[in-house]
Amino acid sequence: ERRAAIAAATDACRATMDAFAAAGLPCDVVTGAGTGTFEFEAASGVYTELQCGSYAFMDADYGRNLDHDGRPIAAFEQALFVWSTVMSVPARDRAVCDAGLKAIAFDSGPPLVAGRDGIEYAGPSDEHGTLRVAATNKPPRLGEKIRLIPGHCDPTVNLHDWYVGIRDGRVEAVWPIAARGAMT
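Numbering follows my numbering, in which position 27 of the sequence shown is assigned residue number 102; successive positions increment by one, without gaps.
So this is what it looks like as structure tokens:
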């Protein structure tokens with residue numbers, strides 16, 4: 076589906092470039108593309124530069140994209156997580172964390188729980204999230220920190236004041252998010 080859409084777009088772009096060239100207006104720079112389709116745009120030979128952005132962070136939505144062989148795209152690693160604390164474990168198959176709609180954007184689906192197979196983010200309220208724990212998995216502990224992979228990185232970043240750069244479990248950098256809350 077993505078491949079067909081990009082093929083149509085690059086065909087239209089080529090036709091436009093040809094029309095410009097015929098009028099004596101060559102296109103030296105053709106820019107476009109995105110993280111989810113860069114592979115197809117790059118292969119088209121039309122673009123002189125690609126404008127991918129989300130690849131720097133990745134998210135659950137881009138993680139569902141497949142490459143030309145039908146496999147998950149492995150070109151980029153997940154780098155953006157929302158850290159959350161387990162606030163309650165009311166039942167063996169359920170836990171509650173402190174990350175809801177005010178912490179994570181849901182326009183591309185719920186977040187994934189990183190590194191915890193069998194635990195899924197089942198639903199948000201404003202301030203909290205319900206985690207569903209598979210019968211074969213151990214529930215998270217009260218107070219445990221979990222990493223959530225946002226469904227969509229861009230609007231999730233907009234909900235926070237700071238990026239906290241962590242490497243090997245240590246904070247290495249803290250950067251302000253200048254456009255925090257800016258919506259147009």
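Just so it is clear, CB atoms sit at the ideal spot from N, CA and C, and this is done for glycine as well.
Close-in-space but distant-in-sequence residues of the same chain around residue i (CB under 7 Å, 5 per side omitted)
i    : result
I221 : S159, V161, C172, V188, R191 and P215
K177 : D201, E202 and L234
Residue environment, residue i, which counts as buried when at least 16 other CB atoms sit within 10 Å
i    : result
H202 : Note on identity: in this sequence residue 202 is Glu, with His being the wrong assignment. Answer is exposed; the Cβ neighbour count stays below 16.
D134 : buried
A100 : Checking the displayed sequence, the identity of residue 100 turns out to be Leu instead of Ala. Exposed, since its Cβ has fewer than 16 Cβ neighbours within 10 Å.
F95  : exposed
I241 : exposed
L141 : exposed
T91  : exposed
P273 : Residue 273 is absent from the model: the chain starts at 76 and stops at 259.
P217 : Before going further, note that residue 217 is Leu rather than Pro in the sequence given. With fewer than 16 Cβ atoms within 10 Å of its Cβ, L217 is classed as exposed.
V249 : exposed
A98  : exposed
A197 : exposed
Inter-residue Cα distance where the pair is residue i and residue j
i    : j    : result
F115 : P165 : 47 Å
D93  : E195 : 50 Å
R260 : C102 : Outside the displayed range of the chain (76 to 259) lies residue 260, so it cannot be described from this structure.
F151 : Y130 : 6 Å
R167 : E219 : 15 Å
R54  : G175 : With the chain covering 76 to 259 only, the question about residue 54 has no answer from this structure.
G244 : R169 : 27 Å
R272 : T112 : The structure shown does not extend to residue 272, since the chain is modelled only from 76 to 259, so the question has no answer here.
D86  : T123 : 15 Å
S183 : Q153 : 16 Å
V239 : V246 : 7 Å
For residue i, the nearest candidate out of the options (CA to CA)
i    : options                   : result
N233 : P251, C88 and G256        : G256
L223 : F156, R139 and G111       : F156
T106 : A84, P251 and R78         : A84
G138 : P186, A82 and A174        : P186
Q126 : D86, G109 and K213        : G109
T211 : G204, G193, A197 and P225 : G193
R207 : H143, S163 and A180       : S163
Close-in-space but distant-in-sequence residues of the same chain around residue i (CB under 6 Å, 5 per side omitted)
i    : result
P199 : G175 and L176
Close Cβ partners of residue i (< 8 Å) along its chain, the five nearest in sequence each way excluded
i    : result
A117 : A108 and L125
I81  : T112, F115, E116 and S119
Given 8 Å, three or more beta-carbon pairs between the segment 127–147 and the segment 228–243: Yes, since at least three Cβ pairs between the segment 127–147 and the segment 228–243 fall closer than 8 Å, the two stretches touch.
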